[in-house]
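Asks: Take this structure, written in structure tokens, and hold onto it; I'll ask about it next.
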Amino acid sequence: MLKGSPDVYLSGPIRKYIEDKGGRFHLRWGCRQILFDRSLDGEIHVTGLALSKATDKKVVKADAYVAACDVPGIKRLLPSQWRESKFFDNIYELVGVPVVTVQLRYNGWVTELQDLDQSRRLRQAVGLDNLLYTPDADFSCFADLALTSPEDYYIEGQGFIAPMCSDTGRSLHALDK
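Counting in our numbering, the sequence shown runs from 322 upward without gaps.
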């Protein structure tokens, strides 16, 4: 687990590193097309990205490109000609799974401790630092963020905070039965 917020401890440092090396981020611009050429030996070379925002359009050229997409997004973005490559064609075998995350904050600690008084002491987080994950449950991820990532999630006077992630597709399909 991260020490705190992913923006501060994961994507923030990555962004800073890229910007320090001269890279740029084009936030709030949609990538409409990957522009590319093929060399004589058939190798693909990206020559730019066609971006748009409202009625504004631009082409960005760079030494390297990174696109952060969900599964349906990358399938729409990749040029159809790239499917000739097994590497890119395999992307179309992926299935996107919608997920919902709920965070619950309790007025005490939900722990393995058997002492109710101790579980209500809110001056420090108590219990095991226990991230649990299973792909076979409606709520597949469970942790007390106040323990696993105290930098941003432990708040004195408040208790246990649980993020619970659920595969909404599986959960909603179960309601049909």
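For every residue, glycine included, the Cβ atom is placed at its ideal position computed from N, Cα and C.
Model, not experiment: these values are computed from the prediction.
If we ignore side chains and look at the alpha-carbon of each, how far apart do Arg-349 and Gly-478 end up?
Replies: Using only the alpha carbons, I get a separation of about 38 Å.
Asks: Less than 8 Å between the C-beta atoms of Lys-379 and Leu-372, yes or no?
Replies: Their beta carbons are under 8 Å apart, which means Lys-379 touches Leu-372 by this criterion.
Asks: At which residues does the beta strand (DSSP E) containing Ala-467 begin and terminate?
Replies: Counting along the chain, Ala-467 falls outside any beta strand (DSSP E), though it belongs to the alpha helix (DSSP H) covering 466 to 469.
Asks: Per DSSP, what kind of secondary structure is Leu-370 in: helix, strand or coil?
Replies: Leu-370: strand per DSSP, three-state reduction.
Asks: Which residues bound the alpha helix (DSSP H) around Val-392?
Replies: First-last of the alpha helix (DSSP H) with Val-392: 392 to 398.
Asks: Which same chain residues end up closer than 6 Å to Gln-354 when comparing Cβ atoms and leaving out the 5 residues on each side of it in sequence?
Replies: So the list reads Ala-371, once near-sequence residues are dropped.
Asks: Based on the DSSP secondary-structure assignment, which residues constitute the bridge partners of Gly-343?
Replies: In DSSP, Gly-343 forms no bridge with anything.
Asks: Could you tell me if Leu-466 is buried or exposed, where buried requires 16 or more neighbouring beta carbons within 10 angstroms of its beta carbon?
Replies: Under this definition Leu-466 is a buried residue.
Asks: Below 8 Å on the Cβ atoms is my contact criterion, and I expect Tyr-427 with Phe-481 to pass it. Report the Cβ-Cβ distance as a whole number of Å.
Replies: Confirmed, about 4 Å.
Asks: Quick check: the Cα distance between Ser-470 and Ala-389, rounded to an integer number of angstroms?
Replies: Those two C-alpha atoms are separated by around 25 Å.
Asks: When you compare only the Cα positions, how much space is there between Gly-351 and Gly-344?
Replies: For Gly-351 and Gly-344, the distance between alpha carbons rounds to 18 Å.
Asks: With a CB to CB cut of under 8 Å and the five nearest residues on each side skipped, what residues in its chain are close to Arg-359?
Replies: For Arg-359, where only same-chain residues beyond five positions count, the Cβ hits under 8 Å are Ile-365, His-366.
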